[in-house]
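**Q** Numbering-wise (my numbering), the sequence shown opens with residue 1 and increments by one.
Every residue, glycine too, gets a C-beta built ideally from N, C-alpha and C.
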Amino acid sequence: MCFLICFNFLFAQINTPEFYERQMNVLRNLDINPSFISDLIFVQTQQDIKSKHAQTLIDSMQNFSKVTPMIRKILAQQEVPDEILYLAMVESGLKTHSVSNAKAVGVWQFMQPTARNLGLRIDAYVDERRDPVKSTYAATNYLKELKEEFGKWYLALLAYNCGNGKLRQAIKQAGSDDLSVLLNPDKKYLSLETRNFIRKILTLAF
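1) Would Y154 pass as a contact of L30 if the rule is Cβ separation under 9 Å?
2) Using the C-alpha atoms, what's the distance from N184 back to Q173?
3) Using DSSP with H/G/I as helix, E/B as strand and the rest coil, what is F11?
4) Looking at C-beta atoms only, is the number of pairs between the segment 63-78 and the segment 88-97 that lie closer than 8 Å three or more?
5) Could you check what DSSP says for F110 in three-state terms: helix, strand or coil?
6) In this structure, how does DSSP classify I226 when only helix, strand and coil are distinguished?
7) Can you tell me whether DSSP reads D127 as helix, strand or coil?
8) Put I84 into one of helix, strand or coil per three-state DSSP.
9) Find out if the Cβ-Cβ distance for the pair L146, Y160 is shorter than 9 Å.
10) Among E149, A156, T114 and A115, which residue has its Cα nearest to the Cα of I84?
11) Among P17, V26 and T16, which has the Cα closest to the Cα of T203?
12) With a CB to CB cut of under 6 Å and the five nearest residues on each side skipped, what residues in its chain are close to K187?
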C-alpha cells in the first residue's frame, strides 16, 4: 500500500480520467472549489513540490505501515476526511518522535501549549505528543474545532498551520475565503509557509 502511494505520487499519469477524478474527490472532501484544479500557480508548483519532497515521502515509507492504518481508522471514527493523513505526512513524515526547530513534537507537530489545551500530558515522565494514538485523537478534535469555527476543511488546515487569528485576518483582508484568493502570492494574505503547506498536502493527496 505504501509503495503504491509513493508510486502514484512520483509517477502519476496526470492526463488519465482516474487521476482527474481522484483530484476532484480530494477537493470535494476538503470543501475546495473544483475550479482550483486549474489554478495556474498550483499547477505550476506541483512538479516542483514533488521534486523537492520525493525523498521526504520515500523516507516516510518505513513509518507508513506502522502508523497509517491506525491514523486512518481514527480519522474515519472521528468523521474527519482521510486526506488529513497528508497533513501529518507534511508535518512530520509520520515520525512519532519528530522534533522541529520550533520544538513542535510528534506526528502532528504540536507545540506544548496547544497540546496541553487539547488534553495531552507533558511532564518529566511522559510526552503524549509522541503517542500516535492519543495525539491523533487530539489532532482530529482540534481540526474539528477549526472546521466548526471556519466552516470548511481547507480553512481548518490553513488555521492548523498559521493559527486562528492570522487566518481570520487574512480572510478579512482578502474579503473572501476562496482558496485561490487566499493563496495569491502578490497579495501575501498568508505567509509563504502557509501557502506552501496547503499546496504540499494537496499534491501528496493527489
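**A** Reading it off the structure:
1) yes
2) 12 Å
3) Reliability of the predicted coordinates at F11 is poor, the pLDDT of 48 falling under 50, and the value obtained from them is presented with this limitation in mind. Helix.
4) yes
5) strand
6) Any property of residue 226 remains undetermined from this structure, which presents the chain solely from 1 to 206.
7) strand
8) helix
9) yes
10) A156
11) V26
12) none
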